[in-house]
Amino acid sequence: MTPLADTPWRIAAATITLVMATALLLPAQINVLASSLLLVLPAMLMLRGKGYRWRTVFRLHPVSYPLLFLAVPAGVALSVLGGAIDTGVQLVAPMPDAWRARLEQSVVMDSPSGLAFRFFALVVVSSVCEELFFRGFLQSALENRYPWGTAIVLTCLLFSAAHINLWWFPSLFFTGLTLGVVVFACDSVLPGIVAHAAHNAFSFAMANVQKTQSLHEPDDPIRHPMTVAAAASVLTMILIHFVKRRFPRS
């Protein structure tokens, strides 16, 4: 049993409140980096001096290289599907201009140094910290209290809420649900980190290369039905492979 198993909701509430406050108060250019780093702070403070093994608490179990390689196309496919979900939401309930402008500041950059900083914050730091806390620290603790499916759903609800974006909630929930299954099936947060990084890298690249000023535009060719169908097929096959490892046929 992980150390969080005794008080998961208390730690989760404190952490997410801290992250939300940081995201709302700091400038968009740095809030992703700061809020991501703060995600793991409460866990690290709790672990300090208690003798807990980080590998166990954060689910840092080793996995084979083929699983890590498969996580890359899974993350890209997840980005495409998440974009399709966001496009549908935008058609029904468009995001306010003020909120969209704030997102633009945190995603699209014109200078090489700005691009490098945002790439580091979004792809490296955000992916690692979010997976360590949500799928590593929190989900593994909830799995000790609830059935694994319930633990995954509860974790991705908190993951979605922590991003403070109602218009992205459906796609974030789908992303969190998928990553939760990946981490549970592999019993390691490492494939989740790789998939999350691939997801963020692809979305970040599309936003900046195409200069759409948004991660998800309705006329983006990446959202073409054939592309979405191909992404769904790829992701489904990879997930089936992962799940079969966790539940082999008797």
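Positions in the sequence shown are counted from 1; adding 12 to them yields my numbering.
Glycine included, every Cβ here is placed at the ideal spot set by N, Cα and C.
Selection 132, 109, 104 and 195 evaluated against residue 145 yields 195 as nearest (Cα-Cα). Residues of the same chain with a CB within less than 6 Å of the CB of residue 181, apart from the 5 flanking positions on each side, are 172 in chain order. Three or more beta-carbon pairs separated by less than 8 Å are not found between the segment 199-207 and the segment 155-163, which leaves the two stretches without contact.
Here residue 135 really is in contact with residue 216; their C-beta atoms are around 6 Å apart, less than 8 Å. Residue state for residue 124 is assigned as helix, using DSSP reduced to three classes. Assignment of beta strand (DSSP E) within the segment 129-211, counting only whole runs of 3 or more residues, yields no such run. The C-alpha of residue 101 lies about 36 Å from the C-alpha of residue 75.
For residue 76, the secondary structure class from DSSP, reduced to helix, strand or coil, is coil.
About 7 Å separates the beta carbons of residue 66 and residue 59, which is inside the 8 Å limit, making them a contact pair.
Counting C-beta pairs with one atom in each stretch, the segment 236-254 and the segment 79-88 have three or more that are closer than 8 Å, which means they touch. With a threshold of 16 other beta carbon atoms within 10 Å, residue 258 falls short and is exposed. Residue 54 sits in a helix when the DSSP states are folded into three classes.
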